[in-house]
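In the numbering used here, the protein residues as written are 16 to 829.
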């Protein structure tokens, strides 16, 4: 039976982060405590060790975390050599080693082995890390987070290595029981399909929001392409999470920017389709059927993904350009070999508010601008065709959840489409403040939304420098493929106690975008007093994942493969943020510095981040000139699919599914189920006299007629085979043919035999001559050369005759 070893360490600090530091052993943390417990694979404890390490004069700056003091080590500590040898002994009995943060713990052990010149016995053992492998389960990378998600509660005595080791083991075996971990080919894997908390809502859905559920039903029950929009705060992000979790269709999620892709749990459009950041002509020669395979050298796995896809979800579609949409259409048509179908038959789901941030168009857009009415996705050639053919369902989520103030909601709705009034601007400008009051408001957990990175950096740097406390730098830990543009939290996170920060990931009841002040900074956690809370909340490091889609041949499904991870505290300085980076966030208190807004939708995005009018402040006021609206967006936004059409599409989708199942059941001979299902299908739509239904029925009849005829033909053949006279005559004919072939072959063999005899005699002479030549070789070198040439000629002739003989033999035996 397999034995599993769990272990944990307590140390003097964290691992070095820079390349120069990693070469110096003295900069690595020192081992203070190690605990290891050996279990059977059924979870029965066999034995354990728990040692403190005597450290002499080593300074311990983090005793407040783990409680280990120099006095404790002097009293209970053992020599490092003794501890490492005892750990080696228990390791030798294990078939698998499990840690929570294996990289950290194993690096600490290997560093101590190097310091003490002991060979590395740890790296040869198979390992499993509950932190990295189960990151999709836990909302933070800390062991307490994992324990809470597995058992619904935290455990006591955290940061004592013995208790941490037991907690890791408890989580590991409980996850196996729950089916969250499964063993395949001798190794454990996190089961992405398991019924973990991820399969349950992490938000309370409004059961009365018919638009929300109708949109989901149209996607799940029909083949229609969907454009789902909604004002800021209407639940588009919630809908995306719900759709990804609940849809039965094979889908992938894409977005234009790296941050949007990470937040949506998908890939960027350009990375998935391997598209360069360049303009694409409507008839781009590099995407033509003749050149596309050399332009986009997709792997076999990528082609299988494209062929298995049913749905592509594009989030934040307002930022995706029209030429990119047309390029995607061409790629899917060619690679899926369905050139007459839009997007190669893939159902497209476009989600976003077009009145928010527009596509980013640089000088390169001028290359293709003459082919498009605008850069927005809805002006793609393929989108125009979908609209013409009633194959794009346009739906809008209408209920606003971010704001509850009716007056503020009405003002936002009018500004969104450019129908605001002077009274609206006057009402907003009542909240105008002077720049001199900015500093006072920033002490009250307000955040500044401004238009440029330069202003944001200046404010954050100035405010951080004003705090009279030590600056602590936390370095993010990227692993694998994790580009800079995907890093939600800064790689070099500079913080101080008292700094105002913003949460960058939903954790418990605290949401992405919530503002608070740092109360405590420790190596492994930070305490933040968030706005509206009475007590500080611990914030652990979290892990973000960079995924790519892969095709699982065994399960015939599209999987997400984690190709890179990034671990960092989900925090950033938050006295200021750009309007662009605030998209999708919610702020209780905000100061808007948008008097110099320069982009379409920028004012609306900034205003709509705020939850109330009372806690919104404006620097310099707001004029009509800075509120920019694109008229093409206003025109397109008026296209809405009527509710009665949506009902028709839903019924059509349900009917198509039922009739498709009906066809499958017929061919499987499940007659009882066929008629029950047919009755349900007719309830939605009576297609039993349609050409498609009649064709399916005729196909079924023809199949069974062909099967019946095959049986008849087989029986006839068997009957003919029982006719002894006929079988005898056939055998006689075969014998006659065989005899004729034998005579022909015998006639050919006779002259060949004579020829072979002649060659054999010649070979005897050659061998005799060769013997004579070998005896008198010094005198007759020239004659020998001549004879060898003659011998080679004869050998070739012999080989040709031998080939002819072999051919005749083959003919005879065949």
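Even for Gly, the Cβ is constructed at its ideal location relative to N, Cα and C. All figures in this text were calculated on a predicted structure; none of them were measured in a lab.
In the DSSP assignment, what residue or residues form a beta bridge with residue i?
i: residue 447; result: 633
i: residue 481; result: Residue 481 pairs with nothing; no bridge assigned.
i: residue 198; result: 203
i: residue 465; result: 593 and 608
i: residue 525; result: 522
i: residue 270; result: 283 and 330
i: residue 575; result: 564
i: residue 49; result: 24 and 66
Does residue i come out as helix, strand or coil in the three-state DSSP assignment?
i: residue 337; result: helix
i: residue 624; result: coil
i: residue 491; result: coil
i: residue 59; result: coil
i: residue 288; result: helix
i: residue 13; result: Since the first residue of the chain shown is 16 and the last is 829, residue 13 is not available in this structure.
i: residue 223; result: coil
i: residue 584; result: coil
i: residue 595; result: helix
i: residue 558; result: strand
i: residue 108; result: coil
i: residue 188; result: helix
i: residue 407; result: strand
i: residue 349; result: helix
i: residue 402; result: helix
If you measure between the beta carbons of residue i and residue j, is that distance less than 7 Å?
i: residue 76; j: residue 177; result: no
i: residue 560; j: residue 534; result: no
i: residue 331; j: residue 270; result: yes
i: residue 530; j: residue 609; result: no
i: residue 633; j: residue 429; result: no
i: residue 566; j: residue 320; result: yes
i: residue 363; j: residue 307; result: no
i: residue 556; j: residue 602; result: no
i: residue 341; j: residue 294; result: no
i: residue 668; j: residue 266; result: no
i: residue 262; j: residue 235; result: yes
i: residue 88; j: residue 117; result: no
i: residue 249; j: residue 412; result: yes
i: residue 649; j: residue 620; result: no
i: residue 598; j: residue 372; result: yes
i: residue 410; j: residue 276; result: no
i: residue 111; j: residue 19; result: yes
i: residue 25; j: residue 73; result: no
Looking at the unbroken alpha helix (DSSP H) that takes in residue i, where does it start and where does it end?
i: residue 245; result: Here residue 245 belongs to no alpha helix (DSSP H); instead the beta strand (DSSP E) covers 240-245.
i: residue 652; result: 646-652
i: residue 296; result: No alpha helix (DSSP H) contains residue 296, which DSSP labels as neither H nor E.
i: residue 316; result: 315-323
i: residue 430; result: 421-432
i: residue 119; result: 117-130
i: residue 166; result: 158-166
i: residue 532; result: Counting along the chain, residue 532 falls outside any alpha helix (DSSP H), though it belongs to the beta strand (DSSP E) covering 530-536.
i: residue 457; result: 453-457
i: residue 251; result: 251-261
i: residue 435; result: Note, residue 435: premise wrong, no alpha helix (DSSP H); not H, not E.
State the CB to CB distance for the pair residue i and residue j, rounded to an integer number of angstroms; the pair is presumed to be in contact (CB under 8 Å).
i: residue 43; j: residue 147; result: About 21 Å; that fails the 8 Å criterion.
i: residue 333; j: residue 367; result: 4 Å
i: residue 443; j: residue 426; result: 7 Å
i: residue 53; j: residue 63; result: 7 Å
i: residue 617; j: residue 467; result: About 11 Å separates the two Cβ atoms, so there is no contact after all.
i: residue 284; j: residue 349; result: Residue 284 to residue 349, Cβ: 17 Å. No contact.
i: residue 251; j: residue 243; result: 7 Å
i: residue 508; j: residue 491; result: 7 Å
i: residue 296; j: residue 386; result: 7 Å
i: residue 204; j: residue 158; result: No, residue 204 and residue 158 are not in contact; Cβ-Cβ is about 20 Å, not under 8 Å.
i: residue 651; j: residue 393; result: 5 Å
For the beta strand (DSSP E) holding residue i, just list the boundary residues, first then last.
i: residue 174; result: Where residue 174 is concerned, there is no enclosing beta strand (DSSP E), given that its DSSP letter is neither H nor E.
i: residue 370; result: That residue, residue 370, is in no beta strand (DSSP E); it is neither H nor E in DSSP.
i: residue 143; result: 142-144
i: residue 507; result: 507-510
i: residue 542; result: 540-545
i: residue 22; result: 18-26
Can you check whether the C-beta of residue i is within less than 7 Å of a C-beta belonging to chain C?
i: residue 370; result: No chain C is part of this structure, which consists of one protein chain only.
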